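Here's the structure we're looking at; comments come further down.
Protein chains: 2
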Amino acid sequence: MPSKLPPLSSLRVFEAAARHGSFTRASKELGMTQAAVSYQMKILEERVGTPLFLRKPRQVSLTETGERIAPVVTEAFELLRAAFVMAEDASHNLLSITTVTTFATNFLAERLGNFQILHDDLAVRLDTSMSVVDFSREDFDLGIRSGDGQWQGAETHLLIPAKFSPMLSPDLAQSVGGIKKPSDLLKLPLVDASDPWWKLWFDSMGVQSEGLRGNKRSRMGIQMLEARAAEAGQGVAILTPDFYRDSLKRGSLIQPFDDVCHDEGRGYWLVYPKARRNMPKIKKFRDWLLNEVKEHCN
Amino acid sequence: MPSKLPPLSSLRVFEAAARHGSFTRASKELGMTQAAVSYQMKILEERVGTPLFLRKPRQVSLTETGERIAPVVTEAFELLRAAFVMAEDASHNLLSITTVTTFATNFLAERLGNFQILHDDLAVRLDTSMSVVDFSREDFDLGIRSGDGQWQGAETHLLIPAKFSPMLSPDLAQSVGGIKKPSDLLKLPLVDASDPWWKLWFDSMGVQSEGLRGNKRSRMGIQMLEARAAEAGQGVAILTPDFYRDSLKRGSLIQPFDDVCHDEGRGYWLVYPKARRNMPKIKKFRDWLLNEVKEHCN
DNA sequence: CATAATACATAAAATCTCCTTATGTATAGT
DNA sequence: ACTATACATAAGGAGATTTTATGTATTATG
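In the order they appear, the protein sequences are chains B and D.
In terms of the numbering used here, the first sequence opens at residue 55 and continues consecutively.
In terms of the numbering used here, the second sequence opens at residue 55 and continues consecutively.
Below is the structure:
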């Protein structure tokens, strides 16, 4: 439908030449030679079918037609420039992160304020969702995901290894006279008995745990739900202690055993596209986050 | 000052792709392959520093940033398209002519109305000036000039040969008892004795005309002034009869001798740039004018 | 459920645009 | 007259853009 436009490069040149009333000055602005400007204007005039400049002795001036279109072309280019300044600005100053709920709730939420203060030029958009990150399909700069760190094309940093240990509410522990040895836990309901971590943990403690099949994939991403259930006294959950420092300190959860299992290789990872690893906003967040993790989780 | 824009070709592609929400459809509109669109969008995204499209299974959709700039880019391109429609329109439908005064007054003025009626899609701008036509320096489609038809780079058509014969007002003729033979004219003042045509004409009539030097260049372009002087009875002028049919018919001028001299090669010419000889508006005017001349000046 | 069809990505090669260099012309200033 | 300025033009080449060919993922279909 839209009628054919002249070569766009010639329009850019026209815009500058019209603004300066001079091919030479336009060429300087555009960082090209005067010959190139002359050439482009010839192209454009041929295309439009009518001269746009009058060649006076030592200067050029616009013809009637040129005079008519020049301001419109200038306006159009200003729109474009404005649009891309906006875009680049957004690209530099808007940081959007997608993270698994657990990490957002138990780690990021309470610390993000710090980051914002540190980098008040960055606006942060935080999205919590569990789905796999695919940066080519979703509009995020960085993601935090649980897994084994194998995401192709992505730069990854292990934030928190998948360590785990049982936790429960003090009341629940009291209800069976306290938890003295691992097998005491089996007297209580497990929040999610199918979580493979249970078997791993009991195995490592040398406790026979028939019936714990561990046939499900780990659901680290939604640990948080299990944690809430445990806090509410509904059962024992197997959780990552690093995330529940606060609850443990407050006493809303207790960790009966210091023994922490480690699901080697798995954990919470920071992920972002390799190609964008050098963007300032990405560096800023990465550096900040890695430092927070280091400081906070021994 | 203006910040650098991304490659313009990629913008054109982006505009179409955003509008269609599809690389394939955009490629069809732009008359290129889908691969080319994909490539251009990659370029643009690299340049802007952020993705503009999300690659979904069998479609693409704009990212937040893409969404933000798309309407602006579309608007800019619409401005450009509008500007060039205007320009092309003007280029097609505005005919500007520069002509020597004599020809305008004595020939064109009374006939141009006809042309306008015949081609009411063309707006005619008529400029009368004597200066030499240089289409690269002045904004005209066609020129009518007197001379020998030697204008380089120009297409030329002889309209009216430089024929000439003395003319004067009837009263003036009466004042010397009428003009019977050429030498009678010498009893009267010549409007411009230095006009070389005088010598040519007297010579051709076999009349000795000492004192008529003819050292000036012909000033055909301003014959009209001499004609007015002659009509006012101020002297005898040497004029091109074709231009003064009306005055002769009205009787405000008389041409005492049918003998008409011919300054071979010289005359009134229609001139226009060779490069533009095929423009419809130029053809229309040329054909009309040549026909008018043929019909009117035997 | 296998197959075909659709939409986009990517690599390599061909093409073509655009720019530069070099030079020429005309004009204004000294 | 001479120099400097501004634009035009031609030739050559670097680089950008496009196409061709192929791959991948997803949806639709028999």
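Every residue gets a Cβ at the ideal spot worked out from N, C-alpha and C, and that includes glycine.
Predicted model only: the values in this text are computed from it and were never measured.
Chain-ordered, the chain B residues with CB closer than 8 Å to the CB of F138(D) read S57, L59, P60, V102 and I123. Among the bridge pairs identified by DSSP, H316(B) is matched with K217(B). Considering only beta carbons, the part of the stretch 141-174 of chain B lying closer than 9 Å to chain D consists of A141, E142, A144, S145, H146, L148 and S150, in chain order. The secondary-structure analysis by DSSP pairs K110(B) across a beta bridge with Q113(B).
One finds R109 in chain B with Cβ atoms closer than 7 Å to the Cβ of S190(D), taken in chain order.
When the Cα atoms are used, E118(D) and S150(B) turn out to be separated by approximately 11 Å. Contact annotation for L134(B) against chain D: L59, L65, V127 and A130 [CB-CB distance below 7 Å, chain order]. When the alpha-carbon of A177(B) is set against those of N345(B), V347(B), L343(B) and F339(B), the nearest one is in F339(B). In the DSSP assignment, L65(B) falls within the alpha helix (DSSP H) that extends over L62 to H74.
Taking a Cβ-Cβ cut-off of 7 Å, E209(B) has no neighbours in chain D, whose nearest Cβ is about 16 Å from it. It is roughly 8 Å from the alpha-carbon of K58(D) to the alpha-carbon of R135(B). Under the criterion of beta carbons closer than 8 Å, V67(D) and Q88(D) do not qualify as touching, at roughly 11 Å. The beta-carbon of M333(B) is placed less than 8 Å from the nearest beta-carbon of chain D. Using a CB distance cut-off of 8 Å, D193(D) counts as an interface residue toward chain B. Proximity of chain D to E285(B) at the Cβ level (cut-off 8 Å) is not reached, the minimal Cβ distance being about 37 Å. Judged by DSSP in its simplified three-state form, R179(B) adopts strand. The Cβ atoms of S258(D) and C315(D) lie closer than 8 Å to each other. For the pair T104(B) and D195(D), the Cα-to-Cα distance works out to about 9 Å. Separation of A216(B) and R112(D) (C-alpha to C-alpha, rounded to the nearest whole angstrom) is 36 Å.
Within the same chain, A284 and V290 come within 6 Å of L222(B) by CB-CB distance, once the 5 residues on both sides are set aside. Excluding sequence positions up to five before and after L98(D), its CB lies within less than 8 Å of the CB of P60, P61, S64, L65, V67, F68 and L106, all in the same chain and listed in chain order. Collapsing the DSSP output to three states places L59(B) in coil. Distances from the alpha-carbon of K235(D) to those of F311(D), Y298(D), L213(D) and Q170(D) put F311(D) closest.
T152(B) and I276(B) do not touch by the CB rule: their CB atoms are close to 15 Å apart, not below 8 Å.
E99(B) sits in a helix when the DSSP states are folded into three classes. Within chain B, no C-beta atom comes nearer than 7 Å to that of T78(D); the closest sits roughly 17 Å away. Taken atom to atom, the span from the alpha-carbon of R179(B) to that of S185(B) is near 17 Å. In this structure I214(B) does not touch T159(B) by the C-beta definition: roughly 13 Å separates them, more than the 8 Å allowed. Of all residues in the stretch 220-232 of chain B, none is placed with a Cβ closer than 9 Å to any Cβ belonging to chain D. Of the candidates P334(D), Y326(D), L172(D) and H74(D), the residue whose Cα lies closest to the Cα of Q206(D) is Y326(D).
Any Cβ of chain D closer than 8 Å to the Cβ of T117(B) would place that residue at the interface, and such an atom is present. Here A247(B) carries a coil assignment [DSSP, helix/strand/coil].
Taking a Cβ-Cβ cut-off of 7 Å, P310(D) has no neighbours in chain B, whose nearest Cβ is about 47 Å from it. Annotation: D193(B) to N147(B) spans about 14 Å, alpha carbon to alpha carbon. According to DSSP, residue pairing for Y298(B) in a beta bridge does not occur.
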